[in-house]
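All remarks here apply to the structure that follows.
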Amino acid sequence: MTGHHDDTAGGSERTFAALPPARGGALVRSWWGHAWLKALADTALDREQVKRGRRHARAGAVGAVSVRPGRITAVVQDRDGTRHRADVLWQQLDASAWDRLLDLVADRAGHLAALLDGDLPPVLVEDASTAGVELLPGIGDVEPECDCGAWDHCAHSLALCHQVARLLDQDPFVLLLLRGRGERELLDALQERSAAWAAAPPGREADPERVDAGVPAAEAYAARDVLPPLPAPPPPVEVPGTAPALGGGAPPAPGVSVPALEFLIGDAAARARRLLAEALSPRHPDTPPPPELTPDQDAVRLAAAGPGEALSARLAAGTRRDPQDLALAVRAWRLGGAAGLAVLAEEWTPDPAELARAAGRLAAAQEDGEADGAGAWRWASGNRWTTADGEAQLRYGRDGRWWPYRDEDGRWAPAGPPADDPAGALAALAPDG
4 MTGHHDDTAG GSERTFAALP PARGGALVRS WWGHAWLKAL ADTALDREQV
54 KRGRRHARAG AVGAVSVRPG RITAVVQDRD GTRHRADVLW QQLDASAWDR
104 LLDLVADRAG HLAALLDGDL PPVLVEDAST AGVELLPGIG DVEPECDCGA
154 WDHCAHSLAL CHQVARLLDQ DPFVLLLLRG RGERELLDAL QERSAAWAAA
204 PPGREADPER VDAGVPAAEA YAARDVLPPL PAPPPPVEVP GTAPALGGGA
254 PPAPGVSVPA LEFLIGDAAA RARRLLAEAL SPRHPDTPPP PELTPDQDAV
304 RLAAAGPGEA LSARLAAGTR RDPQDLALAV RAWRLGGAAG LAVLAEEWTP
354 DPAELARAAG RLAAAQEDGE ADGAGAWRWA SGNRWTTADG EAQLRYGRDG
404 RWWPYRDEDG RWAPAGPPAD DPAGALAALA PDG
């Protein structure tokens, strides 16, 4: 959308080119566009005319729109080709109202920052109303004029109103221009006011209310009837995107590995696909989000993806592991994720009651296991039980599951997935397990 600016004494006049037809979907999407249409719906007497006006706007029947303080003008074409000039009039704010609005914005850091960034935050409507300045039209505030001769809102003026809502989608400052101030004039006045306040005498005490603490939840909830509907969820992705080849251009900066970057890009695409699939799952609302990984856990996760020997060596060095230790960590990750990695690295001691229950469950499972040649078990320390010959071990996790381990060249290595009871973990250690 482009707007032609024409600075005039009463503000700026802007002319917007005709918008193309709106094919499917919502006609407007922004908070301001929906708020404008809600105010219009509360004002119009003839609902059928509102529908006709919306159809005109959707069909692209509204020509270039001229917006100036207090008036909007456009030519609207009927289906039979007849053209009508339609105007919508809205009273401008007087000097006193503008002073209150400018004081309000300059006095609130959040409002000022948003306006300087080209945005009109919804909470500004509520704050301005509290100060006696209405930024949205009320019942009877917007007056129509059309050369078709209608005395009330006709399809042509209502089509123009719907087109204004589309313009507000792209530039909410159109609303303030209608009230009498163009964007540049408004921002210049705010900057002058802020500069004057910044230069105020040191005795001027800071008001804690001037620190914008965000939008109160009650106000945000109250605005739900003018918020646009949520967009449809995106479709699932069957295959993650292919990582681009980064070689062939300028040489990388010192210390930057092109293969490592390509691997990380591919990993990010795979994770994004998985997260999207989880978000689209019907179980998602009832599934708590997983805890955030630590840098060490994430490095093991990356190594488990098989990045190749060179990148695995970098990950081992970054986590202060030798290659054998990283290989064991990868095995633990593949068997149990972050919980499996914690069982590999951490020894802890359950409280006496929990330790007694765990020992009793293992003793009961051991009786069945001995018949199959599983051997005798003894408590080693903490959460670990080891066979008498020192070749196998069961570890009790903080999650209440049992994890089987074997001795491999002097290192304890994960020997299978966790089980909810020691009998299941013993099965993984059986000769044919």
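Final position of the sequence shown in my numbering is 436; the numbers increase by one with none missing.
Glycine included, C-beta positions come from ideal geometry on N, C-alpha and C.
For clarity, every value in this text was computed on a predicted model and none was experimentally measured.
Residue i - partner residues in DSSP beta bridges
i, result
"E148", "D90"
"V70", "R17, I75"
"S384", "R387"
"Q173", "In the DSSP output, where bridge partners are listed per residue, Q173 has none listed."
"Q80", "R86"
Span of the beta strand (DSSP E) around residue i
i, result
"P417", "414-417"
"I268", "I268 -> not in any beta strand (DSSP E); alpha helix (DSSP H) instead, spanning 261-283."
"L397", "395-399"
"R2", "Residue 2 is absent from the model: the chain starts at 4 and stops at 436."
Residue i, DSSP secondary structure in three states
i, result
"W154", "coil"
"D424", "coil"
"V240", "coil"
"W351", "coil"
"A341", "helix"
"Q166", "helix"
"V65", "strand"
"V31", "coil"
"G143", "coil"
"V136", "coil"
Residue i versus residue j - alpha carbon distance
i, j, result
"A464", "R286", "No answer is possible for residue 464: it lies beyond the span of the chain, which begins at 4 and ends at 436."
"L366", "G427", "The amino acid at residue 366 is misidentified as Leu; the sequence shows Ala. Taking the straight line from one Cα to the other gives about 13 Å."
"L329", "P294", "22 Å"
"L193", "L180", "15 Å"
"G143", "F19", "26 Å"
"L283", "G28", "21 Å"
"W34", "D172", "8 Å"
"G135", "Q95", "14 Å"
"V259", "W415", "35 Å"
"E188", "E195", "11 Å"
"G403", "V346", "11 Å"
Spatial neighbours of residue i in its chain, beta-carbon cut-off 7 Å, leaving aside the 5 residues before and after
i, result
"A308", "D270"
"E312", "none"
Sequence-distant residues of the same chain with beta carbon closer than 6 Å to residue i, five excluded per side
i, result
"A25", "R61"
"E186", "F176"
"P420", "L338"
Chain-order list of residues whose beta-carbon lies under 8 Å from that of residue i (same chain, five-residue window excluded)
i, result
"D424", "R364, A368, W405"
"A117", "L123, P124, L127"
Residue range of the alpha helix (DSSP H) that includes residue i
i, result
"E51", "50-61"
"D102", "98-110"
"L305", "298-307"
"R317", "312-321"
"D130", "126-133"
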